[in-house]
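Here the protein sequences come in this chain order: Z and Y.
Our numbering applies: residue 3 is where the first sequence begins, and numbers increase by one.
Our numbering applies: residue 3 is where the second sequence begins, and numbers increase by one.
For every residue, glycine included, the Cβ atom is placed at its ideal position computed from N, Cα and C.
Protein chains: 2
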Amino acid sequence: EPYDIVRGFPKISRTLMLYPSLLKHFSSCKSVVVEEKMNGYNVRVAEVRKHPVALTRGGLACPYTTEKVAGMLPMEFFEDYPLLVLCGEIVGPDNPYVPKDIYGIESLDFFVFDIREKLTGKPLPVMRRRTLMEEYGIKSVRMFGEYPITEAGGSITRIIKELGAAGREGVVIKDPEMAVPPIKYTSSQSNCADLRHAFRFYNDYGRDFFFSRVVREGYMSVEWDESEDDRLRRCQQLGESLLLPLIETIKKKKRGEKITEDSRIRVRSLETVSKFAEHLRHMGIDAIFDAPQPAGDEYLVRIRKINQSTNDKTDAVLSGQMW
Amino acid sequence: EPYDIVRGFPKISRTLMLYPSLLKHFSSCKSVVVEEKMNGYNVRVAEVRKHPVALTRGGLACPYTTEKVAGMLPMEFFEDYPLLVLCGEIVGPDNPYVPKDIYGIESLDFFVFDIREKLTGKPLPVMRRRTLMEEYGIKSVRMFGEYPITEAGGSITRIIKELGAAGREGVVIKDPEMAVPPIKYTSSQSNCADLRHAFRFYNDYGRDFFFSRVVREGYMSVEWDESEDDRLRRCQQLGESLLLPLIETIKKKKRGEKITEDSRIRVRSLETVSKFAEHLRHMGIDAIFDAPQPAGDEYLVRIRKINQSTNDKTDAVLSGQMW
C-alpha cells in the first residue's frame, strides 16, 4: 500500500508586543480576524484509507483521538473533501494530554481553527472555512470579529483581558485571506497557569519553558504601561506560579508520595485503551493505567503519568545529594 | 621557555537541603568548619617566573587582577612557597567582573579561602592555611567557627539568615582536614540579587541560571518549614527579582537607551588598561572603556559592557518582531 502524506501544522509565531506586531506583521492586510486560541491539544484530522485519522503535533496518529473524532465528525465531510485536513483543538476534561475544565465541556470536544490542503498545507480563507464547517455541523473556535488594523490593538487588548479573567488562553490573529501567517497572543493568567502546572514537574520541563513565560510577563507589563500596584501584583502572581507548585511537589515527596500527572480518557472500545497505552510508551511517556470503570456504554480510565526526572531529582536532593 | 602548570580550581557542589547534606556529605567527619563565601570573583594566584600571576575561573591570566594582587600580596610568600597557589575572592567596587559595595571595601581586596599545591591541586587543611596567611599578613575569608556535625545545621541556618539580611552571599562548609570536598550554601537574598542582576540582561544569561535559582528558593522554603505568610513573601520577593529588572530594561530600550553593565577599574599603569581591554576582547566581551580619570597616583577607568543579545532582542520585540 502506498504512503499517504499529511503536511505538518506550521508553528504559529507569538507576539509579546501587540501594537507594533500588528503593524509590522500584517502590513499587507487592511484588517485581521481574531479567533480564540483554546487550551487543549492540537490535532490534524485527515482521511487516510477511507477513515479519519487524528495526528498530534509530533506527527503521530493518536488512537484515542482517532476514536473520539470518529464519533464527533460527520464522515461526509471527508467523502466530499478527501484532500482537506481539519486542524483543530481537542478540549475538555477527558483529555490525556491537556485536561481542562474551563470550557464547560462535559467530556471532550473538537473545535476547528484551520483547514488546509493535505499535500500542500495551503490554508482556506477564514470565512470560507467557518462557513464550510457550519454546513457540516462541525464546531469552529469562537470568532471575536474582524477589525481594521488600526483598531485591532484596542479590541484585542480588551478581549485578552476578558479571556484571561475567565482563565482562558488567548487569541490567534489572522489575515482573513490566510495569505500572511497567523500570530498568537495569550493572557497572563494562562501563562501563569502553564507555569503552575510545569513547576509541579519542574525537572521534567525544559528550561526554556520557564524562561520564555517570565519574559512574556515583562513585555505585557510594559505595553500596558502598568501602575506600580499592578506591576507588584504581577510579580506576586508570577512568584506564586513558580514557587507554590514547586514547594507542594517537594513536600509531597517528603511525605513519601509519588509525583504524577493525572488525567483520564473515556473510550467505547477497550482495544483503544491498550492501543493508547502503546502510543504513550512510543512517545516515551511512563504512565500507569488504572482498571477501566464502566460509565454508561463507555469506560473511564484514569491515567497517571510518572514524571520520573522530577521524582528522582527531588528524592535525591531531599536525601542530601548536591544539586 | 618551558610551560608552567597551575591546576584548575575544582567546582564546589551546592546543597539545597542543608541538614541531610551535612549528614550525607560529611559522614566521615566529626566536625565542619564554616567560612564565608564572598561575592566577587574567584582567582588563583601563583608564582610564574618569579612573578605572581592571577588566573580567573576560565584559566586566563587577568592583567588587571595581576596588577592588583602584586600590590596586595607580600612577594615573600611565593619566595618561601613557590609551589603553593593562593585561591581567593577579589571583592570590592573597583571590580570589572562582579562589582559589589556590600563589604565596606574602598577599592578592591583579596581574601584567601584555599591554598593548594600548584601541580596536584591538593589543599592545605583549613587551620594550617589560615595560620600561614596570618604569618604573611594576607587576609583570609571570615571563619564563623568549627561545629560538630550534629550541631552544624542549626548554626549554619542562623549564619545564613544573618548573612542574607546583610546582603551577603553565604558560606562554604569544609572538612577541617580538606579530605572531603567542601560544599556551598547561599542565602535567598543573594540568590534574588543574582536574579535581579541577570534579568537586566535577560537574553545574555543562560536559561539554567534562572531555573536553578528558582529551584533553590523552593527547597529553602520547605527545609525552613515556612509559614503561609513567609512563603508568600518569598514569592513576592522572587517575582520582583525577575520582573522588575526585566521591565526596567525594556523601558530603557523603549526610551532609546543602550543596556550596559557598568563597572570600573583602578590602575597604576595605563598599560594595564590596554592589556585588560585586550583581555576582555579575548573573552568575547564587548565593552566600551571611557577615558582614564586621574585619582591620586592612580587612574579610574569606567567600563561599559554591551550586552548585545539583550539589546538586539529587546529592540526587535519592541519593533513588533515575533519572539
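- Judged by beta-carbon spacing, Y/Tyr66 lies within the 7 Å limit of Y/Thr274, meaning their Cβ atoms are closer than that value.
- Taking the Cα of Y/Asp292 as reference, the smallest distance to any Cα among Y/Arg268, Y/Asn309, Y/Asp299 and Y/His284 is reached at Y/Arg268.
- Here the alpha carbon of Z/Arg198 sits roughly 26 Å from the alpha carbon of Y/Leu20.
- Along the region 7-39 of chain Y, going in chain order, the ones with a CB nearer than 7 Å to a CB of chain Z are Ser15, Arg16, Thr17, Leu18, Met19, Pro22, Ser23, Leu25, Lys26 and His27.
- Here Y/Met180 is buried, its C-beta having at least 16 other C-beta atoms within 10 Å.
- Taking a Cβ-Cβ cut-off of 7 Å, the neighbours of Y/Lys253 in chain Z comprise Val224, given in sequence order.
- Within the region 6-50 of chain Y, the alpha helix (DSSP H) runs of at least 4 residues that lie entirely inside it are, in chain order, 20-27.
- The C-beta of Y/Cys89 comes no closer than 7 Å to any C-beta of chain Z.
- Cβ atoms of Y/Lys39 and Y/Val128 stay farther apart than 8 Å, at about 14 Å.
- Distance between Z/Ser243 and Y/Arg270, taken at the CA atoms: about 51 Å.
- A Cβ-Cβ separation of about 5 Å places Y/Asn313 in contact with Y/Ile261 under the 8 Å criterion.
- Between the region 151-164 of chain Z and the region 54-72 of chain Z, the count of C-beta pairs closer than 8 Å stays below three; the two stretches do not touch.
- Y/Leu18 places its beta carbon less than 7 Å from that of Z/Val319.
- Between the alpha carbons of Y/Val34 and Y/Pro12 lies a distance of about 19 Å.
- Using a 10 angstroms sphere on the CB of Z/Gly322, the tally of other CB atoms reaches 16 or more, which defines it as buried.
- Y/Phe212 sits in a helix when the DSSP states are folded into three classes.
- Between the region 97-106 of chain Y and the region 21-30 of chain Y there are fewer than three C-beta pairs closer than 8 Å, too few to call the two in contact.
- Residue pairing of Y/Phe112 in beta bridges, as defined by DSSP: Y/Ile92.
- If you draw a straight line from the Cα of Y/Ile14 to the Cα of Y/Lys186, it comes to about 7 Å.
- For Y/Ala48, the number of other beta carbons within 10 angstroms of its own is at least 16, and it is reported as buried.
- At a cut-off of 7 Å, the C-beta of Y/Glu219 has a neighbouring C-beta in chain Z.
- Minimum Cα-Cα distance from Y/Met135 among the listed residues Y/Arg51, Y/Glu148, Y/Ile107 and Y/Met77 corresponds to Y/Met77.
- By the Cβ-count criterion, Z/Thr122 is exposed, with fewer than 16 other Cβ atoms from all chains shown falling within 10 Å of its own Cβ.
- Between the alpha carbons of Y/Leu234 and Y/Asp227 lies a gap of roughly 13 Å.
- Taking 7 Å as the threshold, the shortest C-beta distance from Z/Glu242 to chain Y falls below it.
- At a cut-off of 7 Å between beta-carbon atoms, Y/Ser321 makes contact with chain Z.
- The beta carbon of Z/Phe146 sits closer than 6 Å to the beta carbons of Val36 and Ile161 from its chain, once the five residues preceding and following it are set aside; these are given in chain order.
- Neighbours of Y/Phe213 across chain Z, judged by C-beta separation under 7 Å: Arg209 and Phe212.
- Here the C-alpha atom of Y/Arg306 lies approximately 18 Å from the C-alpha atom of Y/Pro296.
- The alpha-carbon separation between Z/Ser192 and Z/Gly94 amounts to approximately 16 Å.
- Pairing Z/Phe115 with Z/Gly139 gives a Cβ-Cβ distance that is not under 7 Å.
- For the options Z/Gly42, Z/Leu75, Z/Ile308 and Z/Leu25, the alpha carbon positioned closest to that of Z/Arg170 is the one of Z/Gly42.
- Chain Y has no Cβ within less than 7 Å of the Cβ of Z/Gln191.
- Under the Cβ criterion of 7 Å, Z/Cys194 is not counted among the residues facing chain Y.
- At the C-beta level, Y/Thr68 and Y/Val50 stay beyond 7 Å of one another.
- Within chain Z, the C-beta atoms nearer than 8 Å to that of Y/Arg236 come from Gly241 and Leu245, in chain order.
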